[in-house]
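First comes the structure, then the notes that go with it.
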Amino acid sequence: MSTFTSLSAQLSRLSAGLQGEVILPGQPRFDEARRAFNLAADQHPAAVVFAESPHDVAAAVTFAAGQGQQIAAQGTGHNAMPLGPLTGTILLKTERMRGIQIDPQARTARVEAGAVWSDVVNAAAKHGLAALAGSSPNVGVIGYTLGGGVSFLGRKYGLSASNVRAIEVVTADGRLRRADSEHEPDLFWALRGGGGSFGIVTALELRLFPITQLYAGILWYPIERGPEVLRAWRDLTRGAVPDELTTVGRFLRLPPVPDLPAEIRGKSFALIEAFHLGDPAQADELLAPLRALGPVHDTIKTITVPELLRVHMDPDQPVAGLGDGLMIASLPDEAIDALVSTAGTSARFPLASVEVRHLGGELGRHRRQNGALGSLQAPYLMFAAGITPTPDLKAPATAAVEAVEDALTPWMARHMYLNFSETSRPRATLWTERAYQGLRQIKARVDPDDVIRSNHPIPPVQ
Ligand SMILES: Cc1cc2nc3c(=O)[nH]c(=O)nc-3n(C[C@H](O)[C@H](O)[C@H](O)COP(=O)(O)OP(=O)(O)OC[C@H]3O[C@@H](n4cnc5c(N)ncnc54)[C@H](O)[C@@H]3O)c2cc1C
Numbered sequence: 001m002s003t004f005t006s007l008s009a010q011l012s013r014l015s016a017g018l019q020g021e022v023i024l025p026g027q028p029r030f031d032e033a034r035r036a037f038n039l040a041a042d043q044h045p046a047a048v049v050f051a052e053s054p055h056d057v058a059a060a061v062t063f064a065a066g067q068g069q070q071i072a073a074q075g076t077g078h079n080a081m082p083l084g085p086l087t088g089t090i091l092l093k094t095e096r097m098r099g100i101q102i103d104p105q106a107r108t109a110r111v112e113a114g115a116v117w118s119d120v121v122n123a124a125a126k127h128g129l130a131a132l133a134g135s136s137p138n139v140g141v142i143g144y145t146l147g148g149g150v151s152f153l154g155r156k157y158g159l160s161a162s163n164v165r166a167i168e169v170v171t172a173d174g175r176l177r178r179a180d181s182e183h184e185p186d187l188f189w190a191l192r193g194g195g196g197s198f199g200i201v202t203a204l205e206l207r208l209f210p211i212t213q214l215y216a217g218i219l220w221y222p223i224e225r226g227p228e229v230l231r232a233w234r235d236l237t238r239g240a241v242p243d244e245l246t247t248v249g250r251f252l253r254l255p256p257v258p259d260l261p262a263e264i265r266g267k268s269f270a271l272i273e274a275f276h277l278g279d280p281a282q283a284d285e286l287l288a289p290l291r292a293l294g295p296v297h298d299t300i301k302t303i304t305v306p307e308l309l310r311v312h313m314d315p316d317q318p319v320a321g322l323g324d325g326l327m328i329a330s331l332p333d334e335a336i337d338a339l340v341s342t343a344g345t346s347a348r349f350p351l352a353s354v355e356v357r358h359l360g361g362e363l364g365r366h367r368r369q370n371g372a373l374g375s376l377q378a379p380y381l382m383f384a385a386g387i388t389p390t391p392d393l394k395a396p397a398t399a400a401v402e403a404v405e406d407a408l409t410p411w412m413a414r415h416m417y418l419n420f421s422e423t424s425r426p427r428a429t430l431w432t433e434r435a436y437q438g439l440r441q442i443k444a445r446v447d448p449d450d451v452i453r454s455n456h457p458i459p460p461v462q
């Protein structure tokens, strides 16, 4: 019997012991099963396991370890690109584990491994509570939080990872553990910002906040006005901005699709997005210089927390895209010029979105109780992405993303942000040197044989 056949036979036996299912190469649903949200990721794992319970996760991990194989967890596949083709690896999908329990008194949510942000935001909103969701309704809560988690509420409340109360995780030995500040504190520290290298998370307990509405939306300008708009936005971010206000400077090119309103459909813009907690008058005062530039549309208004998930207009459905990001230490005029020349009207390839988020506030405060990514030590976070529905667009889109990154390199911060890294980066740049060495030691303790494979893997210290 060939190795492949014998592995297939063993995987079929694994399947019999699961509530979920195992789908193997050659089976009719394999192509659908191996698909990631990012359709540009072409995954060819040894098998896809759809787990339905912590028991399933433990069985799959034990199986992989016993076979000397690696296993990779995937919630949605938004950040699947750095995983590569996954040849010989078991892909464990958590999308069927979507349970959510809200405790309105304790203001917490217990969220199972496959939940996406809209699940949690909508469940919490019923109790007048908000979660530290990212910009997209369909990004996975676990992948996002393990990588840090930058919300538009983050300047006020910090990283999502800094607001985790407990983590239920299956480690490489097949054990389901609960990690919190009193139990398994090292593992708890590593999982909060260290990514998915330390185990397969089956559930997270997150803090929620008593927020029902915000003052948020977009100031829209024609893309040609990028230089002056981005300068004015940069000036705003350099002033005394309260933690309650988060803004984003962005180039956005919208597709000519019928479900967009006619006034923005198929057009390109320089945008300022604003998200404000508290009295709208305070935001209006801070945004006055940007409004004085005369946006063609002003959609900033009071919205509910679930509506917040739509402001940034992230894709609803799986889409093929190539993107990458970096953190920026400063934005002098020369950096704005560099951004405009590679992402604005003179860009050689029209990237769908190039955004720069203002960080700082609580995101930049390193609290002792925080995890491996204790804070983001940079004032700005850039992400550039191109849509690549056909293979011929991959090379120019990649080149365009790299051109933006290269142009901003002189102002790049020392560290990168894991969640906005969609290429294989030198690992050590994602954390402080001390945190990275700590992560390698914890990896060696909980997974010395490197069974658990994440998209930004941490090698165990030898
Ligand atoms: C449109 C879009 C909008 C985004 N907006 C934001 C934003 O506002 N703020 C922000 O911080 N980030 C944002 N991101 C980045 C996003 O947080 C990362 O891509 C994140 O990794 C996605 O998590 P996922 O579970 O959806 O993706 P996946 O690709 O499924 O997971 C990514 C990695 O997370 C780990 N992982 C996932 N589930 C588990 C698990 N159960 N156990 C262990 N490890 C696991 C694995 O290592 C996996 O490779 C955005 C990305 C996109 C594409």
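Per my numbering, the sequence shown starts with residue 1, numbered consecutively. Beta carbons: idealized from backbone N, C-alpha and C, even for Gly.
- Between S162 and A133, the beta carbon gap of about 15 Å keeps them out of contact (Cβ cut-off 8 Å).
- Annotation for T304: Q213 place their beta carbon closer than 6 Å to its own, counting only its chain and skipping 5 residues before and after.
- Between the region 366-378 and the region 271-291, the count of C-beta pairs closer than 8 Å stays below three; the two stretches do not touch.
- Closest by C-alpha distance to S6, out of G17, D42, A46, is A46.
- The continuous beta strand (DSSP E) containing S268 extends over residues 268-276.
- Secondary structure of V150 (DSSP, three-state): coil.
- Taking C-beta separations shorter than 6 Å and ignoring five residues to either side along the sequence, the partners of D298 in its chain run L219, following chain order.
- E112 sits in a strand when the DSSP states are folded into three classes.
- For K301, the enclosing beta strand (DSSP E) has its first and last residue at 301-304.
- According to the DSSP secondary-structure assignment, P222 is paired through a beta bridge with F269.
- As the crow flies, the alpha-carbon of T62 is around 37 Å from that of P391.
- Contact annotation: V354 and F275 have beta-carbon atoms that are not nearer than 7 Å.
- Listed in chain order, the alpha helix (DSSP H) runs fully inside the region 272-347 are 280-291, 305-311, 333-343, counting runs of at least 4 residues.
- Remark: the C-beta of S454 is in contact range of ligand 1, defined as less than 6 Å to any heavy atom.
- DSSP links E422 through a beta bridge to no other residue.
- Setting aside the 5 residues that flank it on each side, R440 is surrounded in the same chain by I458, P459, P460, V461, each with a C-beta closer than 8 Å to its C-beta; the list follows chain order.
- In the structure shown, the three-state DSSP call for S353 is strand.
- Counted as a single uninterrupted DSSP element, the alpha helix (DSSP H) harbouring R434 occupies residues 433-446.
- Between R291 and G361, the alpha-carbon positions lie close to 24 Å from each other.
- Between the region 129-149 and the region 112-120, the count of Cβ pairs shorter than 8 Å is three or higher; the stretches touch.
- Excluding sequence positions up to five before and after E184, its CB lies within less than 6 Å of the CB of R177, all in the same chain and listed in chain order.
- For A60, the enclosing alpha helix (DSSP H) begins and ends at 54-66.
- At the C-beta level, Y215 and A131 stay beyond 7 Å of one another.
- By the neighbour-count criterion, in which a residue is buried when 16 or more other Cβ atoms sit within 10 angstroms of its Cβ, E32 is exposed.
- With a cutoff of 7 Å on beta-carbon distance, R425 and T89 are scored as not near each other.
- Between the beta-carbon of I100 and that of A113 there is about 11 Å, and that puts the pair past the 8 Å contact cut.
- Within 10 angstroms of the beta-carbon of P54 lie 16 or more other beta-carbons, which makes it buried.
- Note on S346: under 16 other CB atoms within 10 angstroms of its CB, so exposed under the neighbour-count rule.
- Taking a contact as a CB-CB distance under 8 Å, the pair K443 and S197 counts as one, their CB atoms being some 6 Å apart.
- The region 329-346 and the region 415-422 do not touch, with fewer than 3 CB-CB distances between them shorter than 8 Å.
- If you ignore the 5 residues before and after L408, its C-beta comes within less than 7 Å of the C-beta of L326, I328, A335, A338, L339, M382, all in its own chain and listed in chain order.
- Taking the Cβ of S162 as the reference point, every heavy atom of ligand 1 lies at 6 Å or farther away.
- At a Cβ-Cβ threshold of 7 Å, G217 and L230 do not count as neighbours.
- Within the DSSP secondary-structure output, Q213 pairs in a beta bridge with T304.
- Of the heavy atoms belonging to ligand 1, none sits nearer than 6 Å to the Cβ of Q213.
- Proximity of the beta carbon of D42 to ligand 1 is not indicated: no heavy atom of the ligand is located closer than 6 Å.
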